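Enquirer: Take a look at the following structure, please.
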Amino acid sequence: MKEIGIQRAIEEVSIDGTTYEIDLSDKKKNRYAEIAIDLQKASKESEKVRDINDVEVLEKEMNRLKEKTSRATDEILGDGAFDTIYKKTNESLELVLDVLFDVIDYINTTYKKKFEEKKAKYLKKKK
């Protein structure tokens, strides 16, 4: 009898020596796209505020961006991931965002690669 294995829709990534599991299920695919769009919008909004000379407004906006980044990081990489990465970047929100966008880019690349592999496999069989 032929044994057919089942793969899990989980991808492991290592960030500065710490391994994280990313859920690549269908349910999460759309959610990750929403997170990326939301973070891009929030980053652009924060850039506009940087030119304002009001410290309170600037602090409020940075806290808002930090909270969004924290939730997004923990949702993609797991609870506590933001705190770990934030500490390792010497508490730089900008650097955490760089890491998070790299992870999102990796997720998108992985989805595209898997789609192309499946497409090639099934189109090859039909010929």
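Numbering-wise (our numbering), the sequence shown opens with residue 40 and increments by one. In this text, a Cβ means the ideal position worked out from N, Cα and C, and glycines have one as well. Quick caveat, the model's predicted, so the values are computed rather than measured.
As an exercise, report each continuous alpha helix (DSSP H) stretch of at least 4 residues that is fully enclosed by the segment 66-132, in chain order.
Expert: Listed in chain order, they are 94-116 and 120-127.
Enquirer: Could you tell me the boundaries of the beta strand (DSSP E) in which D62 lies?
Expert: Within the sequence shown, the letter at position 23 stands for residue 62. First-last of the beta strand (DSSP E) with D62: T57 to D62.
Enquirer: Locate the beta strand (DSSP E) running through E51, then write down its first and last residues.
Expert: Indexing the sequence shown from 1 puts residue 51 at position 12. I49 to I54 is the span of the beta strand (DSSP E), which, as asked, contains E51.
Enquirer: Quick one: residues in its chain with C-beta nearer than 8 Å to the C-beta of T58, no 5 flanking neighbours on either side, listed in chain order?
Expert: One-based indexing of the sequence shown puts residue 58 at position 19. Answer for T58: E51 and V52, listed in chain order.
Enquirer: Consult DSSP for I143 and reduce its assignment to one of helix, strand or coil.
Expert: Position 104 of the sequence shown, counted from the start, is the residue given in the question as residue 143. I143 falls in the helix class under three-state DSSP.
Enquirer: Count the C-beta pairs between the segment 67-79 and the segment 127-146 that are closer than 8 Å, then say yes if the count reaches three, no if not.
Expert: Yes: at least three Cβ pairs fall under 8 Å.
Enquirer: Using only CA atoms, which one of I115, K87 and T128 lies nearest to I146?
Expert: In the sequence shown, residue 146 corresponds to position 107, counting from 1. The option with the nearest alpha carbon to I146 is I115.
Enquirer: Alpha carbon to alpha carbon, how far is K87 from L162?
Expert: On the sequence shown, residue 87 is found 48 positions in, with the first residue counted as 1. On the sequence shown, residue 162 is found 123 positions in, with the first residue counted as 1. Taking the straight line from one Cα to the other gives about 48 Å.
Enquirer: What whole-angstrom Cβ distance do A120 and T112 have, given they're in contact under 8 Å?
Expert: As a first step, residue 120 is located in the sequence shown; it is residue number 81 there, counting from the start. As a first step, residue 112 is located in the sequence shown; it is residue number 73 there, counting from the start. The pair is a contact, with the Cβ atoms about 5 Å apart (cut-off 8 Å).
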